[in-house]
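Residue numbers (the numbering used here): 56 to 614.
Every residue gets a Cβ at the ideal spot worked out from N, C-alpha and C, and that includes glycine.
Accompanying notes for the structure given below.
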(Lines of atoms letter the chains of each structure in order from A; the text may use other names.)
(Lines give C-alpha, C1' and ligand atoms only; values in the text may rest on other atoms or scores of the structure.)
Protein backbone atom coordinates (compact mmCIF):
# COMPACT_ATOMS: atom_id res chain seq x y z
CA UNK A 56 0.00 0.00 0.00
CA UNK A 57 2.91 2.27 0.71
CA UNK A 58 4.40 1.53 -2.66
CA UNK A 59 1.18 2.48 -4.29
CA UNK A 60 1.03 5.74 -2.50
CA UNK A 61 4.62 6.58 -3.46
CA UNK A 62 3.85 5.93 -7.11
CA UNK A 63 0.79 8.15 -7.00
CA UNK A 64 2.77 11.02 -5.48
CA UNK A 65 5.43 10.65 -8.18
CA UNK A 66 2.83 10.83 -10.94
CA UNK A 67 1.31 13.98 -9.61
CA UNK A 68 4.71 15.59 -9.27
CA UNK A 69 5.50 14.73 -12.88
CA UNK A 70 2.21 16.20 -14.04
CA UNK A 71 2.87 19.37 -12.06
CA UNK A 72 6.35 19.74 -13.55
CA UNK A 73 4.95 19.26 -17.07
CA UNK A 74 2.24 21.84 -16.49
CA UNK A 75 4.71 24.34 -15.08
CA UNK A 76 7.04 23.82 -18.06
CA UNK A 77 4.18 24.20 -20.51
CA UNK A 78 3.02 27.40 -18.80
CA UNK A 79 6.54 28.85 -18.97
CA UNK A 80 6.90 27.95 -22.60
CA UNK A 81 3.56 29.55 -23.37
CA UNK A 82 4.43 32.66 -21.46
CA UNK A 83 7.73 33.00 -23.35
CA UNK A 84 5.95 32.42 -26.68
CA UNK A 85 3.23 35.02 -26.14
CA UNK A 86 5.73 37.48 -24.61
CA UNK A 87 7.89 37.21 -27.74
CA UNK A 88 4.84 37.69 -29.97
CA UNK A 89 3.86 40.76 -27.97
CA UNK A 90 7.36 42.26 -28.18
CA UNK A 91 7.48 41.53 -31.90
CA UNK A 92 4.14 43.27 -32.48
CA UNK A 93 5.22 46.27 -30.43
CA UNK A 94 8.50 46.55 -32.32
CA UNK A 95 6.72 46.21 -35.66
CA UNK A 96 4.27 48.96 -34.72
CA UNK A 97 7.10 51.41 -34.06
CA UNK A 98 9.38 50.60 -36.96
CA UNK A 99 10.37 53.63 -39.14
CA UNK A 100 12.46 54.19 -42.27
CA UNK A 101 15.75 56.05 -42.51
CA UNK A 102 17.43 57.94 -45.32
CA UNK A 103 21.02 58.96 -45.94
CA UNK A 104 22.12 62.58 -46.23
CA UNK A 105 23.38 62.81 -49.82
CA UNK A 106 24.81 65.46 -52.12
CA UNK A 107 23.01 66.36 -55.32
CA UNK A 108 21.51 69.11 -57.49
CA UNK A 109 18.20 70.75 -56.63
CA UNK A 110 15.93 72.55 -59.06
CA UNK A 111 13.18 74.62 -57.51
CA UNK A 112 10.38 75.42 -59.90
CA UNK A 113 6.88 76.81 -59.89
CA UNK A 114 4.56 75.19 -62.41
CA UNK A 115 1.43 76.30 -64.14
CA UNK A 116 -0.71 75.86 -67.23
CA UNK A 117 -2.01 78.41 -69.70
CA UNK A 118 -2.97 79.10 -73.30
CA UNK A 119 -0.58 80.65 -75.83
CA UNK A 120 -1.57 84.12 -76.96
CA UNK A 121 -0.05 86.87 -79.08
CA UNK A 122 2.08 89.18 -76.95
CA UNK A 123 0.96 92.25 -78.86
CA UNK A 124 -2.38 92.98 -80.50
CA UNK A 125 -4.16 96.27 -80.98
CA UNK A 126 -7.60 97.17 -82.27
CA UNK A 127 -7.87 99.43 -85.31
CA UNK A 128 -10.34 102.16 -84.29
CA UNK A 129 -11.69 105.30 -85.92
CA UNK A 130 -10.77 108.53 -84.14
CA UNK A 131 -13.75 110.56 -85.36
CA UNK A 132 -17.21 110.15 -86.81
CA UNK A 133 -17.72 110.34 -90.55
CA UNK A 134 -18.10 108.52 -93.83
CA UNK A 135 -15.40 106.13 -95.02
CA UNK A 136 -13.90 107.40 -98.29
CA UNK A 137 -10.96 104.99 -98.46
CA UNK A 138 -10.67 101.42 -97.14
CA UNK A 139 -7.43 99.49 -97.75
CA UNK A 140 -7.95 96.62 -95.29
CA UNK A 141 -8.01 92.89 -96.06
CA UNK A 142 -8.19 89.96 -93.67
CA UNK A 143 -4.75 88.37 -93.19
CA UNK A 144 -2.99 91.39 -94.67
CA UNK A 145 0.50 92.15 -93.32
CA UNK A 146 0.78 95.77 -92.16
CA UNK A 147 3.45 97.95 -90.59
CA UNK A 148 3.04 100.35 -87.70
CA UNK A 149 1.67 103.69 -88.91
CA UNK A 150 0.47 102.33 -92.27
CA UNK A 151 -2.59 104.12 -93.68
CA UNK A 152 -5.50 101.68 -93.69
CA UNK A 153 -8.58 103.87 -94.17
CA UNK A 154 -9.73 107.50 -94.40
CA UNK A 155 -12.87 109.39 -93.46
CA UNK A 156 -14.45 112.41 -95.10
CA UNK A 157 -13.20 115.68 -93.57
CA UNK A 158 -15.25 118.89 -93.29
CA UNK A 159 -13.30 121.61 -95.10
CA UNK A 160 -12.73 124.76 -93.05
CA UNK A 161 -10.61 126.55 -95.66
CA UNK A 162 -13.18 129.30 -96.35
CA UNK A 163 -13.66 130.01 -92.66
CA UNK A 164 -9.89 130.13 -92.17
CA UNK A 165 -9.43 132.55 -95.09
CA UNK A 166 -12.20 134.81 -93.80
CA UNK A 167 -10.60 134.91 -90.35
CA UNK A 168 -7.27 135.92 -91.91
CA UNK A 169 -8.94 138.78 -93.81
CA UNK A 170 -10.69 139.93 -90.63
CA UNK A 171 -7.33 140.03 -88.87
CA UNK A 172 -5.82 142.20 -91.64
CA UNK A 173 -8.70 144.70 -91.44
CA UNK A 174 -8.65 144.83 -87.66
CA UNK A 175 -4.87 145.32 -87.56
CA UNK A 176 -5.21 148.27 -89.95
CA UNK A 177 -8.03 149.83 -87.89
CA UNK A 178 -6.04 149.40 -84.68
CA UNK A 179 -2.98 151.02 -86.23
CA UNK A 180 -5.12 153.98 -87.28
CA UNK A 181 -6.50 154.36 -83.76
CA UNK A 182 -3.01 154.26 -82.29
CA UNK A 183 -1.98 157.08 -84.63
CA UNK A 184 -4.75 159.28 -83.32
CA UNK A 185 -3.61 161.67 -80.60
CA UNK A 186 -5.33 163.59 -77.90
CA UNK A 187 -2.27 165.75 -77.20
CA UNK A 188 -0.09 167.13 -79.96
CA UNK A 189 2.34 169.96 -80.78
CA UNK A 190 1.78 172.21 -83.77
CA UNK A 191 5.01 172.58 -85.77
CA UNK A 192 5.99 175.03 -88.51
CA UNK A 193 5.74 173.70 -92.07
CA UNK A 194 8.31 176.22 -93.38
CA UNK A 195 10.29 179.42 -92.86
CA UNK A 196 8.71 182.87 -92.62
CA UNK A 197 6.66 185.31 -90.60
CA UNK A 198 3.72 183.79 -88.66
CA UNK A 199 0.23 185.25 -88.37
CA UNK A 200 -2.12 183.56 -85.90
CA UNK A 201 -5.81 183.07 -86.71
CA UNK A 202 -6.68 181.69 -83.23
CA UNK A 203 -5.92 182.45 -79.58
CA UNK A 204 -5.32 180.30 -76.54
CA UNK A 205 -8.45 178.53 -75.29
CA UNK A 206 -10.09 178.33 -78.74
CA UNK A 207 -11.43 174.92 -79.79
CA UNK A 208 -10.38 173.74 -83.22
CA UNK A 209 -11.12 170.75 -85.41
CA UNK A 210 -8.53 168.56 -87.01
CA UNK A 211 -7.31 170.22 -90.26
CA UNK A 212 -8.48 173.75 -89.41
CA UNK A 213 -6.09 176.56 -90.50
CA UNK A 214 -4.91 178.17 -87.27
CA UNK A 215 -2.07 180.35 -88.73
CA UNK A 216 -0.21 181.33 -91.91
CA UNK A 217 3.50 181.72 -92.54
CA UNK A 218 4.78 184.19 -95.10
CA UNK A 219 8.44 184.12 -96.13
CA UNK A 220 9.32 187.75 -96.84
CA UNK A 221 13.01 186.95 -97.45
CA UNK A 222 12.17 185.06 -100.60
CA UNK A 223 10.76 186.15 -103.97
CA UNK A 224 9.60 184.19 -106.96
CA UNK A 225 9.90 184.94 -110.66
CA UNK A 226 8.22 183.07 -113.52
CA UNK A 227 9.99 183.16 -116.90
CA UNK A 228 8.57 182.00 -120.21
CA UNK A 229 10.59 179.83 -122.61
CA UNK A 230 9.99 178.20 -125.98
CA UNK A 231 9.95 174.41 -126.43
CA UNK A 232 13.55 174.24 -127.71
CA UNK A 233 14.83 176.03 -124.61
CA UNK A 234 12.63 173.97 -122.30
CA UNK A 235 14.33 170.71 -123.32
CA UNK A 236 17.49 171.74 -121.47
CA UNK A 237 15.87 173.17 -118.30
CA UNK A 238 15.45 171.02 -115.17
CA UNK A 239 14.38 171.76 -111.57
CA UNK A 240 17.34 172.53 -109.31
CA UNK A 241 19.45 174.20 -111.98
CA UNK A 242 21.22 177.45 -111.20
CA UNK A 243 19.72 180.65 -112.68
CA UNK A 244 20.08 184.43 -112.49
CA UNK A 245 17.81 187.43 -112.88
CA UNK A 246 18.93 190.67 -114.53
CA UNK A 247 17.21 193.76 -113.03
CA UNK A 248 17.09 196.59 -115.53
CA UNK A 249 16.30 199.14 -112.83
CA UNK A 250 19.52 198.44 -110.91
CA UNK A 251 21.56 197.22 -113.90
CA UNK A 252 22.51 194.24 -111.74
CA UNK A 253 22.06 190.48 -111.64
CA UNK A 254 20.91 188.40 -108.60
CA UNK A 255 21.27 184.60 -108.28
CA UNK A 256 18.23 182.29 -108.43
CA UNK A 257 17.35 178.55 -108.57
CA UNK A 258 14.81 176.70 -110.72
CA UNK A 259 12.09 175.16 -108.49
CA UNK A 260 9.46 174.18 -111.05
CA UNK A 261 9.24 173.46 -114.79
CA UNK A 262 5.67 173.63 -116.12
CA UNK A 263 5.03 171.51 -119.20
CA UNK A 264 1.55 172.80 -119.98
CA UNK A 265 1.82 175.29 -122.93
CA UNK A 266 0.81 178.92 -122.64
CA UNK A 267 0.06 181.29 -125.55
CA UNK A 268 2.72 183.94 -126.26
CA UNK A 269 2.84 187.07 -128.45
CA UNK A 270 2.43 186.72 -132.22
CA UNK A 271 0.72 183.28 -131.70
CA UNK A 272 3.79 181.55 -130.24
CA UNK A 273 3.63 178.68 -127.68
CA UNK A 274 5.61 179.25 -124.48
CA UNK A 275 6.28 177.32 -121.24
CA UNK A 276 6.66 178.72 -117.73
CA UNK A 277 9.68 178.10 -115.43
CA UNK A 278 9.53 179.22 -111.77
CA UNK A 279 12.68 180.28 -109.94
CA UNK A 280 13.30 181.44 -106.34
CA UNK A 281 15.39 184.42 -105.33
CA UNK A 282 16.86 185.11 -101.90
CA UNK A 283 15.98 188.78 -101.31
CA UNK A 284 19.15 190.72 -100.51
CA UNK A 285 16.90 193.36 -99.02
CA UNK A 286 16.46 195.88 -101.84
CA UNK A 287 14.00 193.83 -103.89
CA UNK A 288 10.27 193.76 -103.52
CA UNK A 289 7.23 192.31 -105.16
CA UNK A 290 6.21 194.08 -108.40
CA UNK A 291 9.73 194.64 -109.69
CA UNK A 292 10.70 193.15 -113.04
CA UNK A 293 13.69 191.27 -114.43
CA UNK A 294 14.96 188.86 -117.04
CA UNK A 295 15.35 185.17 -115.98
CA UNK A 296 18.28 183.21 -117.43
CA UNK A 297 18.79 179.48 -116.65
CA UNK A 298 22.33 178.10 -116.67
CA UNK A 299 21.98 174.70 -118.43
CA UNK A 300 24.77 172.24 -119.38
CA UNK A 301 24.18 173.32 -123.01
CA UNK A 302 24.62 176.96 -122.13
CA UNK A 303 22.48 179.88 -120.93
CA UNK A 304 18.80 179.88 -121.78
CA UNK A 305 17.16 183.34 -121.43
CA UNK A 306 13.42 183.87 -121.10
CA UNK A 307 11.74 185.42 -124.12
CA UNK A 308 9.83 187.89 -121.92
CA UNK A 309 10.60 189.99 -118.85
CA UNK A 310 9.07 188.64 -115.62
CA UNK A 311 7.49 190.25 -112.55
CA UNK A 312 8.70 189.48 -108.97
CA UNK A 313 6.04 187.98 -106.68
CA UNK A 314 6.00 186.74 -103.12
CA UNK A 315 5.58 182.95 -102.47
CA UNK A 316 2.15 181.79 -101.36
CA UNK A 317 1.72 181.84 -97.60
CA UNK A 318 1.93 178.43 -95.89
CA UNK A 319 -1.13 177.29 -93.92
CA UNK A 320 -0.62 175.96 -90.39
CA UNK A 321 -3.34 173.39 -89.61
CA UNK A 322 -4.51 171.78 -86.35
CA UNK A 323 -3.15 168.21 -86.18
CA UNK A 324 -6.03 167.02 -83.95
CA UNK A 325 -9.35 168.24 -82.69
CA UNK A 326 -9.22 169.91 -79.30
CA UNK A 327 -8.41 173.09 -77.45
CA UNK A 328 -5.46 175.48 -78.07
CA UNK A 329 -3.72 175.25 -74.73
CA UNK A 330 -0.61 177.31 -75.59
CA UNK A 331 0.79 179.58 -78.32
CA UNK A 332 4.57 179.53 -78.17
CA UNK A 333 5.26 182.25 -80.81
CA UNK A 334 3.67 185.67 -81.17
CA UNK A 335 2.21 186.86 -84.44
CA UNK A 336 4.69 188.68 -86.69
CA UNK A 337 7.65 186.64 -85.47
CA UNK A 338 9.82 184.76 -87.91
CA UNK A 339 9.77 180.96 -87.53
CA UNK A 340 11.72 178.13 -89.12
CA UNK A 341 10.74 174.72 -90.44
CA UNK A 342 9.91 172.23 -87.64
CA UNK A 343 9.74 174.84 -84.89
CA UNK A 344 7.07 174.24 -82.18
CA UNK A 345 4.30 176.79 -82.54
CA UNK A 346 1.43 175.71 -80.28
CA UNK A 347 -0.09 172.90 -78.13
CA UNK A 348 -3.46 171.28 -78.82
CA UNK A 349 -5.13 168.81 -76.44
CA UNK A 350 -8.53 167.10 -76.01
CA UNK A 351 -8.89 165.49 -72.55
CA UNK A 352 -12.50 164.55 -73.24
CA UNK A 353 -11.51 162.41 -76.22
CA UNK A 354 -8.49 160.83 -74.51
CA UNK A 355 -10.49 158.34 -72.43
CA UNK A 356 -12.70 157.47 -75.37
CA UNK A 357 -9.65 156.80 -77.56
CA UNK A 358 -8.11 154.55 -74.90
CA UNK A 359 -11.32 152.54 -74.72
CA UNK A 360 -11.52 152.30 -78.49
CA UNK A 361 -7.94 151.01 -78.68
CA UNK A 362 -8.55 148.47 -75.90
CA UNK A 363 -11.73 147.22 -77.59
CA UNK A 364 -9.96 146.94 -80.94
CA UNK A 365 -7.09 144.99 -79.34
CA UNK A 366 -9.48 142.54 -77.69
CA UNK A 367 -11.40 142.06 -80.91
CA UNK A 368 -8.18 141.42 -82.80
CA UNK A 369 -7.01 138.94 -80.17
CA UNK A 370 -10.33 137.08 -80.33
CA UNK A 371 -10.15 136.87 -84.11
CA UNK A 372 -6.61 135.51 -83.90
CA UNK A 373 -7.73 132.88 -81.41
CA UNK A 374 -10.63 131.93 -83.68
CA UNK A 375 -8.19 131.53 -86.55
CA UNK A 376 -5.87 129.36 -84.47
CA UNK A 377 -8.82 127.23 -83.37
CA UNK A 378 -10.04 126.73 -86.93
CA UNK A 379 -6.53 125.90 -88.14
CA UNK A 380 -6.16 123.43 -85.26
CA UNK A 381 -9.54 121.88 -86.05
CA UNK A 382 -8.58 121.56 -89.71
CA UNK A 383 -5.25 119.90 -88.87
CA UNK A 384 -6.83 117.73 -86.16
CA UNK A 385 -9.63 116.55 -88.44
CA UNK A 386 -7.20 115.84 -91.23
CA UNK A 387 -5.09 113.77 -88.84
CA UNK A 388 -7.98 111.97 -87.15
CA UNK A 389 -9.59 111.19 -90.48
CA UNK A 390 -6.71 108.82 -91.18
CA UNK A 391 -6.99 105.33 -89.71
CA UNK A 392 -3.47 104.00 -89.13
CA UNK A 393 -2.14 100.61 -88.10
CA UNK A 394 -1.26 100.88 -84.38
CA UNK A 395 1.43 98.15 -84.61
CA UNK A 396 2.96 95.92 -87.22
CA UNK A 397 1.52 92.46 -87.73
CA UNK A 398 -1.34 90.56 -89.33
CA UNK A 399 -4.66 92.30 -89.91
CA UNK A 400 -7.73 90.42 -88.70
CA UNK A 401 -11.12 91.74 -89.84
CA UNK A 402 -14.51 91.01 -88.28
CA UNK A 403 -16.96 88.64 -89.94
CA UNK A 404 -18.76 91.61 -91.51
CA UNK A 405 -16.11 94.24 -92.31
CA UNK A 406 -16.84 97.91 -93.07
CA UNK A 407 -16.27 99.49 -96.47
CA UNK A 408 -16.24 102.70 -98.50
CA UNK A 409 -19.41 104.73 -97.99
CA UNK A 410 -20.19 103.37 -94.54
CA UNK A 411 -20.95 105.89 -91.81
CA UNK A 412 -18.99 105.17 -88.63
CA UNK A 413 -18.87 106.76 -85.21
CA UNK A 414 -15.81 107.66 -83.20
CA UNK A 415 -14.15 104.55 -81.72
CA UNK A 416 -15.61 102.07 -84.22
CA UNK A 417 -13.42 98.94 -84.41
CA UNK A 418 -12.55 98.23 -88.04
CA UNK A 419 -10.22 95.32 -87.28
CA UNK A 420 -7.38 94.04 -85.11
CA UNK A 421 -3.64 93.88 -85.80
CA UNK A 422 -2.00 90.82 -84.23
CA UNK A 423 1.78 90.44 -83.97
CA UNK A 424 2.28 86.68 -84.19
CA UNK A 425 6.07 87.08 -84.09
CA UNK A 426 5.81 87.65 -80.33
CA UNK A 427 3.98 85.07 -78.21
CA UNK A 428 3.30 84.74 -74.51
CA UNK A 429 1.45 82.66 -71.98
CA UNK A 430 -0.19 83.86 -68.77
CA UNK A 431 -0.20 81.32 -65.97
CA UNK A 432 -1.80 81.60 -62.52
CA UNK A 433 0.63 81.14 -59.61
CA UNK A 434 -0.44 80.32 -56.06
CA UNK A 435 -0.06 83.05 -53.45
CA UNK A 436 2.40 80.86 -51.49
CA UNK A 437 4.76 80.68 -54.50
CA UNK A 438 4.38 84.08 -56.15
CA UNK A 439 7.10 85.73 -54.04
CA UNK A 440 9.63 83.35 -55.60
CA UNK A 441 8.80 84.44 -59.16
CA UNK A 442 10.78 87.39 -60.55
CA UNK A 443 10.98 88.98 -64.03
CA UNK A 444 13.83 87.55 -66.05
CA UNK A 445 13.65 83.99 -64.69
CA UNK A 446 13.97 81.13 -67.16
CA UNK A 447 10.83 79.15 -68.01
CA UNK A 448 10.71 75.69 -69.56
CA UNK A 449 7.57 75.12 -71.59
CA UNK A 450 6.10 71.97 -73.04
CA UNK A 451 2.97 71.37 -75.07
CA UNK A 452 1.05 68.16 -75.57
CA UNK A 453 0.70 69.12 -79.22
CA UNK A 454 4.49 69.34 -79.63
CA UNK A 455 5.72 66.02 -78.32
CA UNK A 456 9.36 65.95 -77.31
CA UNK A 457 9.90 69.69 -77.66
CA UNK A 458 10.92 71.95 -74.80
CA UNK A 459 10.43 75.65 -75.47
CA UNK A 460 12.40 78.32 -73.69
CA UNK A 461 10.64 81.32 -72.18
CA UNK A 462 11.26 84.13 -69.74
CA UNK A 463 9.16 85.76 -67.03
CA UNK A 464 8.14 89.23 -68.23
CA UNK A 465 5.91 90.47 -65.43
CA UNK A 466 4.15 89.41 -62.24
CA UNK A 467 0.73 90.85 -61.54
CA UNK A 468 0.55 92.98 -58.40
CA UNK A 469 -3.12 92.11 -57.89
CA UNK A 470 -4.37 88.60 -57.32
CA UNK A 471 -7.61 86.81 -58.11
CA UNK A 472 -9.34 84.97 -55.27
CA UNK A 473 -11.39 81.84 -55.87
CA UNK A 474 -12.59 79.35 -53.24
CA UNK A 475 -10.46 81.07 -50.63
CA UNK A 476 -7.22 80.70 -52.63
CA UNK A 477 -5.54 83.66 -54.33
CA UNK A 478 -3.55 83.35 -57.54
CA UNK A 479 -1.45 85.90 -59.38
CA UNK A 480 -1.03 86.08 -63.16
CA UNK A 481 2.56 85.65 -64.38
CA UNK A 482 3.25 86.64 -67.99
CA UNK A 483 5.89 84.56 -69.77
CA UNK A 484 7.41 85.55 -73.12
CA UNK A 485 7.87 82.59 -75.45
CA UNK A 486 10.45 82.21 -78.18
CA UNK A 487 8.49 81.31 -81.34
CA UNK A 488 9.08 77.74 -82.58
CA UNK A 489 7.69 75.87 -85.52
CA UNK A 490 4.31 74.35 -84.78
CA UNK A 491 3.47 76.53 -81.81
CA UNK A 492 0.22 78.36 -82.42
CA UNK A 493 -1.94 80.84 -80.59
CA UNK A 494 -4.55 79.05 -78.47
CA UNK A 495 -2.46 75.95 -77.69
CA UNK A 496 -2.37 74.81 -74.05
CA UNK A 497 1.16 74.62 -72.60
CA UNK A 498 2.73 73.61 -69.30
CA UNK A 499 5.25 76.04 -67.87
CA UNK A 500 7.94 75.39 -65.23
CA UNK A 501 9.41 78.61 -63.84
CA UNK A 502 12.96 77.94 -62.64
CA UNK A 503 12.94 80.00 -59.45
CA UNK A 504 16.12 78.51 -57.90
CA UNK A 505 18.94 76.03 -58.60
CA UNK A 506 21.39 74.56 -56.09
CA UNK A 507 24.35 72.45 -57.28
CA UNK A 508 26.17 69.76 -55.25
CA UNK A 509 24.38 70.53 -52.02
CA UNK A 510 23.31 68.35 -49.05
CA UNK A 511 19.78 66.97 -49.46
CA UNK A 512 17.36 65.02 -47.28
CA UNK A 513 13.77 63.92 -47.87
CA UNK A 514 11.44 66.76 -47.01
CA UNK A 515 9.55 64.39 -44.60
CA UNK A 516 12.69 64.13 -42.45
CA UNK A 517 12.50 67.80 -41.44
CA UNK A 518 10.15 68.99 -38.76
CA UNK A 519 9.63 72.59 -37.61
CA UNK A 520 8.91 73.54 -34.03
CA UNK A 521 9.26 76.79 -32.17
CA UNK A 522 10.39 78.59 -35.32
CA UNK A 523 13.35 76.19 -35.78
CA UNK A 524 14.02 73.13 -37.95
CA UNK A 525 15.07 69.71 -36.60
CA UNK A 526 15.87 66.19 -37.83
CA UNK A 527 16.35 62.94 -35.88
CA UNK A 528 19.70 61.34 -36.64
CA UNK A 529 19.42 57.55 -36.38
CA UNK A 530 21.69 55.65 -33.97
CA UNK A 531 22.85 51.97 -33.96
CA UNK A 532 20.29 49.32 -32.76
CA UNK A 533 20.73 48.06 -29.17
CA UNK A 534 21.47 44.42 -28.14
CA UNK A 535 18.73 41.76 -28.21
CA UNK A 536 16.64 43.84 -30.66
CA UNK A 537 16.42 46.81 -28.38
CA UNK A 538 15.23 50.05 -30.08
CA UNK A 539 17.97 52.24 -31.61
CA UNK A 540 18.62 55.51 -29.88
CA UNK A 541 18.18 58.68 -31.95
CA UNK A 542 19.25 62.21 -31.26
CA UNK A 543 17.67 65.50 -32.14
CA UNK A 544 19.77 67.82 -34.34
CA UNK A 545 18.87 71.43 -35.17
CA UNK A 546 19.55 72.22 -38.82
CA UNK A 547 19.53 75.24 -41.11
CA UNK A 548 17.49 74.60 -44.23
CA UNK A 549 17.67 76.18 -47.66
CA UNK A 550 15.77 75.67 -50.88
CA UNK A 551 13.35 72.80 -51.38
CA UNK A 552 11.10 71.21 -53.96
CA UNK A 553 8.17 68.83 -53.56
CA UNK A 554 10.33 65.93 -52.29
CA UNK A 555 13.74 67.14 -51.08
CA UNK A 556 15.11 69.91 -48.87
CA UNK A 557 18.53 71.51 -48.84
CA UNK A 558 20.51 71.34 -45.54
CA UNK A 559 22.90 74.24 -45.09
CA UNK A 560 24.12 73.49 -41.55
CA UNK A 561 23.79 70.71 -38.97
CA UNK A 562 24.31 67.49 -40.97
CA UNK A 563 27.11 65.76 -42.85
CA UNK A 564 27.01 63.65 -45.97
CA UNK A 565 26.35 59.96 -45.20
CA UNK A 566 24.48 60.44 -41.94
CA UNK A 567 21.14 58.67 -41.61
CA UNK A 568 18.03 60.52 -40.60
CA UNK A 569 14.65 59.21 -39.61
CA UNK A 570 11.90 59.57 -42.18
CA UNK A 571 8.28 59.30 -41.12
CA UNK A 572 5.52 58.44 -43.60
CA UNK A 573 7.95 57.49 -46.38
CA UNK A 574 7.44 53.70 -46.54
CA UNK A 575 6.47 53.89 -50.19
CA UNK A 576 9.30 56.29 -51.18
CA UNK A 577 12.30 55.17 -53.20
CA UNK A 578 15.71 56.66 -53.77
CA UNK A 579 17.77 57.55 -50.72
CA UNK A 580 15.19 56.25 -48.21
CA UNK A 581 16.74 53.11 -46.60
CA UNK A 582 15.03 49.94 -45.47
CA UNK A 583 16.58 50.03 -41.99
CA UNK A 584 13.98 49.72 -39.29
CA UNK A 585 14.58 51.39 -35.97
CA UNK A 586 12.21 50.84 -33.12
CA UNK A 587 10.88 53.90 -31.32
CA UNK A 588 8.64 53.32 -28.35
CA UNK A 589 5.24 54.90 -28.62
CA UNK A 590 5.09 54.79 -32.43
CA UNK A 591 6.22 58.41 -33.02
CA UNK A 592 9.45 60.44 -33.29
CA UNK A 593 9.95 61.96 -29.86
CA UNK A 594 11.82 65.29 -29.72
CA UNK A 595 13.87 65.23 -26.54
CA UNK A 596 13.30 68.24 -24.34
CA UNK A 597 10.29 69.38 -26.38
CA UNK A 598 6.61 68.78 -26.11
CA UNK A 599 6.23 67.68 -29.73
CA UNK A 600 7.17 64.84 -31.99
CA UNK A 601 7.31 63.94 -35.67
CA UNK A 602 3.77 62.87 -36.31
CA UNK A 603 4.38 61.42 -39.73
CA UNK A 604 2.62 64.30 -41.55
CA UNK A 605 4.51 66.76 -43.80
CA UNK A 606 4.75 70.33 -42.53
CA UNK A 607 5.52 72.76 -45.33
CA UNK A 608 8.71 74.80 -44.57
CA UNK A 609 8.54 78.55 -44.75
CA UNK A 610 9.21 79.14 -48.45
CA UNK A 611 12.70 77.73 -48.51
CA UNK A 612 14.15 80.13 -45.95
CA UNK A 613 16.91 78.52 -43.90
CA UNK A 614 15.97 77.73 -40.30
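Query, Result
"Go ahead and label residue 394 buried or exposed: buried means 16 or more other beta carbons lie within 10 angstroms of its beta carbon, across all protein chains shown.", "buried"
"Where are the beta strand (DSSP E) runs, 3 residues long or more, that stay fully inside the segment 405-439, in chain order?", "417-434"
"Report the residue from 125, 107, 118 whose alpha carbon sits nearest the alpha carbon of residue 397.", "125"
"Suppose you measure from the CA of residue 445 to the CA of residue 523; what does that come to, to the nearest Å?", "30 Å"
"Take residue 482 and list the residues in its own chain whose beta-carbon comes closer than 7 Å to its own, dropping the five residues that flank it on each side.", "428, 430, 464, 465"
"Rounded to whole angstroms, what is the Cα-Cα separation between residue 426 and residue 121?", "6 Å"
"Would you list the one or two residues that DSSP bridges to residue 498?", "116, 450"
"For the segment 340-355 against the segment 254-270, are there 3 or more C-beta pairs whose distance is under 8 Å?", "no"
"Using three-state DSSP, classify residue 491 as helix, strand or coil.", "coil"
"With residue 225 and residue 289 assumed to form a contact (beta carbons below 8 Å), what rounded beta-carbon distance in angstroms separates them?", "The Cβ separation is near 10 Å, so there is no contact."
"Whole angstroms is fine: what's the gap from residue 337's alpha carbon to residue 302's?", "42 Å"
"Quick one, are the C-beta atoms of residue 112 and residue 399 less than 9 Å apart?", "no"
"CB-CB under 7 Å to residue 565, same chain, minus the five flanking residues each way: which ones, in chain order?", "103, 104"
"Taking 8 Å as the threshold, find out whether the segment 379-393 comes into contact with the segment 129-145 through three or more Cβ pairs.", "yes"
"Buried or exposed: residue 263, going by 16 or more other Cβ atoms within 10 Å of its Cβ?", "exposed"
"Could you check where the alpha helix (DSSP H) with residue 351 kicks off and where it finishes?", "351-388"
"Which value, in whole angstroms, describes the spacing of the CA atoms of residue 106 and residue 471?", "39 Å"
"One question on the structure: do residue 294 and residue 245 come within less than 9 Å of each other, judged by their Cβ atoms?", "yes"
"Quick one: using the 10 Å Cβ neighbour count with 16 as the cut-off for buried, is residue 266 buried or exposed?", "exposed"
"Grab me the residues of residue 88's own chain with a C-beta within less than 7 Å of its C-beta, minus the 5 sequence neighbours each way, in chain order.", "Bear in mind that a pLDDT of 48 at residue 88, under 50, signals an unreliable position, so the model cannot answer this."
"Between the alpha carbons of residue 243 and residue 296, how many angstroms are there, rounded?", "6 Å"
"If you run the structure through DSSP and keep just helix, strand and coil, what is residue 238?", "coil"
"Leaving out the 5 sequence neighbours to the left and right, which residues in its chain are closer than 7 Å to residue 581 when beta-carbon positions are compared?", "Because the pLDDT at residue 581 is just 44, under 50, the model does not fix this residue reliably, and the point stays unresolved."
"Where does residue 165 sit, in a helix, a strand or coil, going by DSSP?", "helix"
"Going by DSSP in three states, residue 177 sits in which element: helix, strand or coil?", "helix"
"Any idea if residue 513 is buried or exposed, counting beta-carbon neighbours within 10 angstroms, 16 or more meaning buried?", "buried"
"Our contact map puts residue 325 next to residue 209 with C-beta atoms below 8 Å; I'd like the distance itself, whole angstroms only.", "5 Å"
"Out of 116, 153, 115, state which residue places its alpha-carbon closest to the alpha-carbon of residue 407.", "153"
"Under three-state DSSP, which class holds residue 543?", "strand"
"Does the Cβ-Cβ distance between residue 230 and residue 178 come in under 9 Å?", "no"
"Which of helix, strand or coil does DSSP assign to residue 303?", "strand"
"State buried or exposed for residue 358, treating a residue as buried only when at least 16 other CB atoms are found within 10 Å of its CB.", "exposed"
"Give the DSSP-derived three-state secondary structure of residue 343 in the structure shown.", "coil"
"Do residue 497 and residue 117 count as a contact pair if the criterion is CB distance below 9 Å?", "yes"
"Cα separation between residue 334 and residue 199?", "8 Å"
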